[in-house]
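Encoded as structure tokens, the structure appears first; notes follow it.
There are 2 protein chains.
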Amino acid sequence: MCEASVYIEREGSEELVLESVDVLEEEGDEVRMVSIFGEEKRLKARVKRLALVNHRIVLEPVEPAG
Amino acid sequence: MCEASVYIEREGSEELVLESVDVLEEEGDEVRMVSIFGEEKRLKARVKRLALVNHRIVLEPVEPAG
């Protein structure tokens, strides 16, 4: 299977958000992700980097506009 | 291998951009992608949707601000 683990970058380190992610969508300033087990999470973030062969997706937080 | 094909949505249909993509990064209003063969492409776009089990990444064009 080709699902990936999703991490978010905060203060220079990467924090695991959700494993075994199949579907990920950007909706405005949110990212919605769904795992192959049907678990769903939403975060105020955007995609920074995918490394699919390594099964990694890295997000970065979306800062409030200011 | 878990690479994916990248498509861009234009006028309601999806156009293939690059196959066998491993790494994809968002850099400002551009997406940079690199295939497992080392082929690289850049587009003014953002990630709209990933469907990893189906090996699909869909981008949407970034419109000029205005």
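Just so you know, the protein sequences line up as chains A and B, in that order.
Per numbering that gives the first Met the number 0, the very first residue in the first sequence carries number 0; after that it's consecutive.
Per numbering that gives the first Met the number 0, the very first residue in the second sequence carries number 0; after that it's consecutive.
Every residue, glycine too, gets a C-beta built ideally from N, C-alpha and C.
This structure is a prediction, so every number in the text was calculated from the model and none was measured.
{"Asked": "Below 8 Å on C-beta distance, what does B/Leu15 contact in chain A?", "Found": "Chain A residues near B/Leu15: none, gap ~17 Å exceeds 8 Å."}
{"Asked": "State the Cα-Cα distance for the pair A/Pro60 and B/Glu13, rounded to the nearest angstrom.", "Found": "28 Å"}
{"Asked": "Going by the beta-carbon positions, is the gap between A/Ser34 and A/Leu49 smaller than 8 Å?", "Found": "no"}
{"Asked": "B/His54 to A/Glu2, Cα distance in whole Å?", "Found": "9 Å"}
{"Asked": "Would a C-beta distance cut-off of 8 Å place A/Leu58 and A/Tyr6 closer than the cut-off?", "Found": "yes"}
{"Asked": "In this structure, how does DSSP classify B/Val46 when only helix, strand and coil are distinguished?", "Found": "strand"}
{"Asked": "Would you call A/Leu15 buried or exposed, if buried means 16 or more other Cβ atoms sit within 10 Å of its Cβ?", "Found": "exposed"}
{"Asked": "Just how far apart, CA to CA, sit B/Arg31 and A/Leu23?", "Found": "18 Å"}
{"Asked": "Just reading off the beta strand (DSSP E) that A/Leu58 is part of, what are its end residues?", "Found": "55-60"}
{"Asked": "Note down the Cα distance separating A/Glu8 from B/Glu25, rounded to an integer number of angstroms.", "Found": "14 Å"}
{"Asked": "To the nearest angstrom, how far is the alpha carbon of B/Ala51 from that of A/Pro63?", "Found": "One point to set straight first is that residue 51 of chain B is Leu, not Ala, in the sequence displayed. About 29 Å."}
{"Asked": "Under 7 Å Cβ-Cβ, which residues of chain B neighbour A/Ile7?", "Found": "The premise fails here: A/Ile7 is roughly 14 Å from chain B at the closest Cβ pair, so nothing lies under 7 Å."}
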